[in-house]
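Colleague: Got a structure for you, written out below as structure tokens; questions coming shortly.
In the working numbering, the protein residues as written are 648 to 833.
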């Protein structure tokens, strides 16, 4: 008899816990049979963060003639949210640096990024610039159209190579690939 009580208690506990587990994993409530019946269900959707950096063009600083060289590249940053984004610039150089190379010799260069709201901010390789303004992007229109809806790029990169860093390097073409990553601001 004691064994029967234990088995019954175990079975009852198992069913109660099992039923509770099923009830919490099911969102819908089923109706019951009667003169009227009602139930409910949850309707949901997911809005993922969507970001895009576009309108990128290769940028030439020019031919060295004894003075600093500089150039500006405008870009488009799209974020489907009105929250801030972050942007990170990096390359395959020594960590924390940006260098143009002819394959043997390196010339350091620097640049700033301006999101159109926060002003020009000096960039450190691999370090995200957080809190960038997304109000100037296409989020309000929902348009992922490379800034055509807002009629202009919404970010600019101002590059500079100093004459003191260029002087003394052999003739040649110096370049590098700059990697740009945009993500939701942390």
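Virtual Cβ for every residue (Gly too), placed ideally from N, Cα, C.
#1: What residue from 780, 749, 700 has the CA that sits closest to residue 720's CA?
#2: Pick from 799, 823, 763: whose alpha carbon is nearest that of residue 747?
#3: Note down, in chain order, each residue of its chain lying with its Cβ closer than 8 Å to the Cβ of residue 709, except the 5 sequence neighbours on either side.
#4: Measuring CB to CB, does residue 807 end up less than 8 Å from residue 758?
#5: Once the 5 residues before and after residue 707 are set aside, which same chain residues still bring their CB inside 8 Å of it?
#6: Could you tell me the distance, in whole angstroms, from the CA atom of residue 829 to the CA atom of residue 793?
#7: With a CB to CB cut of under 7 Å and the five nearest residues on each side skipped, what residues in its chain are close to residue 863?
#8: From residue 777 to residue 734, what does the alpha carbon distance come to, in whole angstroms?
#9: Quick one: what does DSSP say residue 762 is sitting in, helix, strand or coil?
#10: Whole angstroms are fine: how far does the CA of residue 736 sit from the CA of residue 703?
#11: On the three-state DSSP scale, how would you describe residue 810?
#12: Keeping to the same chain, check which residues put their C-beta closer than 8 Å to that of residue 742; ignore five residues upstream and five downstream.
#13: Output the boundary residues of the beta strand (DSSP E) element that contains residue 720.
#14: Applying the 10 Å Cβ sphere with the 16-neighbour rule, what's the burial state of residue 694?
#15: If I follow the unbroken beta strand (DSSP E) through residue 734, where does it start and stop?
#16: Output yes or no for whether 8 Å exceeds the beta carbon distance between residue 831 and residue 727.
#17: Could you compute how far the alpha carbon of residue 705 sits from the alpha carbon of residue 692?
#18: Can you say whether residue 825 is buried or exposed, counting buried as having 16 or more other CB atoms within 10 angstroms of its CB?
Modeller: In this structure, then:
#1: Taking the chain shown and counting its residues from 1, the one referred to as residue 720 is at position 73. That would be 700, whose Cα lies nearest to the Cα of residue 720.
#2: On the chain shown, residue 747 is found 100 positions in, with the first residue counted as 1. The residue with the shortest Cα to Cα distance from residue 747 is 823.
#3: By 1-based counting over the chain shown, the position of residue 709 is 62. The residues are 716, 718.
#4: Position 160 of the chain shown, counted from the first residue, corresponds to residue 807. Position 111 of the chain shown, counted from the first residue, corresponds to residue 758. Yes, these two residues count as a Cβ contact at 8 Å.
#5: The count along the chain shown starts at 1 and reaches residue 707 at position 60. Taken in chain order, the residues that qualify are 718.
#6: Translated into the one-based positions of the chain shown, residue 829 becomes position 182. Translated into the one-based positions of the chain shown, residue 793 becomes position 146. Computed Cα separation, rounded: 14 Å.
#7: In the structure as shown, the chain starts at 648 and stops at 833, and residue 863 therefore has no counterpart that could be examined.
#8: Your numbering for residue 777 matches position 130 in the chain shown. Your numbering for residue 734 matches position 87 in the chain shown. Residue 777 and residue 734: Cα-Cα distance of roughly 7 Å.
#9: Within the chain shown, numbered from 1, the residue matching residue 762 stands at position 115. Reduced to three states, the DSSP call for residue 762 is coil.
#10: Taking the chain shown and counting its residues from 1, one reaches residue 703 at position 56. Taking the chain shown and counting its residues from 1, one reaches residue 736 at position 89. Distance between the alpha carbons of residue 703 and residue 736 is about 13 Å.
#11: Within the chain shown, the letter at position 163 stands for residue 810. The answer is helix: DSSP assigns residue 810 an H, G or I state.
#12: Taking the chain shown and counting its residues from 1, the one referred to as residue 742 is at position 95. For residue 742, where only same-chain residues beyond five positions count, the Cβ hits under 8 Å are 772, 773.
#13: By 1-based counting over the chain shown, the position of residue 720 is 73. Start and end: 716-726.
#14: Against the chain shown, residue 694 aligns to sequence position 47. Classification for residue 694: exposed.
#15: Walking along the chain shown from the start, residue 734 turns up at place 87. 732-737 is the span of the beta strand (DSSP E), which, as asked, contains residue 734.
#16: Start at 1 with the first residue of the chain shown, and residue 831 comes out as number 184. Start at 1 with the first residue of the chain shown, and residue 727 comes out as number 80. Cβ atoms of residue 831 and residue 727: not closer than 8 Å.
#17: Here residue 705 is taken as the residue at index 58 of the chain shown, counted from 1. Here residue 692 is taken as the residue at index 45 of the chain shown, counted from 1. When rounded, the distance between both Cα atoms is 39 Å.
#18: On the chain shown, residue 825 is found 178 positions in, with the first residue counted as 1. Residue 825 comes out buried.
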